[in-house]
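Only one structure is covered here, and it is reproduced in the block below.
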DNA sequence: ATACACGCCTGCTGGC
DNA sequence: TGCCAGCAGGCGTGTA
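Numbering (my numbering), first residue to last: 6 to 337.
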């Protein structure tokens, strides 16, 4: 369930069940799902055993659960607030769903019959009792890892956690540090984004998909956002005026928020929330997967074109590559 | 720093 | 029926 709305659906479903819970057991059924776990952190299972989960946080498509270890693993010298900007501040269980990952919340007696269950985490929650979190991932592009938390450069909360805050709030897993804030993050720097966007010579779609520039957007929501503002994905980002770039950003925000309100996009049972239920945004798609159908705006037949080893979907009439901005046509 | 090709995995679909 | 190419919502690395 890869893009921001789908990951947020998982985060919000997970949060009330796991916050405050203690890890009572970890089963790694396929170690390939630990490919992003740094062995220098120690054994994945024993790092988690006995830990208490403090929250569920998301930035872009990354999800993490800050944890308090069973026993202190660092000297209690100084308060958390006194930590230097680059000092480790605890750890987190990091999850990325890749292309086909699911995080399913279950009762402990749920049959473990998923063909692609890779990791099972057993929890004891003070109010909800025993729970099980199953990480299911057909293609194994996703992963789980225990990672150290490092301070955010801007000091702001590292990601979205629905207002739940703690000492971990200004800290991001080291493997997520290079990921830009997402467009729904209150600390998202619009001016910095517009400046960086305007310096890109590559097409606007490639720029939207660059998680180091702006996170959370994948192929579906890139196509939807570009359709909304009538931009062709191959239009060089540097040729788009700041005003148009701002409109694009606003379209991205609206598309993500609408998808989130509808529970995300599901095409099949592969993409579900923590209870295994599908979202409804697929019914609201205007561009993605609409090739051969009329453009909802102008009626022209929508097309699909190869793009970065996958596909772009757009209206050939509404969305055309325009001439680069020159001094002449900017002035005129 | 940015830009781009490629690899990582499994399973389904459509064409032959 | 069988086989195989092509396709799928993502990210990291290596190379210029």
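A virtual CB, placed ideally from N, CA and C, is assigned to each residue, including glycine. Given the structure is predicted, the values throughout are model-derived calculations rather than measurements.
A residue is called buried once 16 or more other Cβ atoms fall within 10 Å of its Cβ, and residue 195, having fewer, is exposed. In terms of Cβ geometry, residue 232 and residue 320 form a close pair [threshold 8 Å]. Distance between residue 174 and residue 198, taken at the CA atoms: about 23 Å.
Between residue 70 and residue 12, the gap from beta carbon to beta carbon reaches 8 Å or more. Where residue 69 is concerned, the enclosing beta strand (DSSP E) starts and stops at 67-73.
In this structure the segment 18-29 lies against the segment 39-57, because at least three pairs of beta carbons, one per stretch, are closer than 8 Å. For residue 52, the enclosing alpha helix (DSSP H) stretches over residues 49-53. By DSSP's assignment, residue 98 forms a beta bridge with 70, 151. In the three-state reduction of the DSSP assignment, residue 288 falls in the helix class, which pools H, G and I.
With 16 or more other Cβ atoms from the protein chains shown falling within 10 Å of its own Cβ, residue 230 counts as buried.
If you ignore the 5 residues before and after residue 183, its C-beta comes within less than 7 Å of the C-beta of 217, all in its own chain and listed in chain order. Looking only at 133, 161, 178, 172, the smallest Cα-Cα distance to residue 155 is reached by 178. In this structure, residue 15 lies near residue 279, with their beta-carbon atoms less than 8 Å apart. Secondary structure note for residue 327: it is in no alpha helix (DSSP H), with a DSSP letter that is neither H nor E. In the structure shown, residue 203 falls within a helical segment according to DSSP collapsed to helix, strand and coil. Straight-line spacing of the CA atoms in residue 36 and residue 62 works out to 24 Å.
Closest option to residue 119, judged by alpha-carbon separation, among 212, 228, 185, 34: 34.
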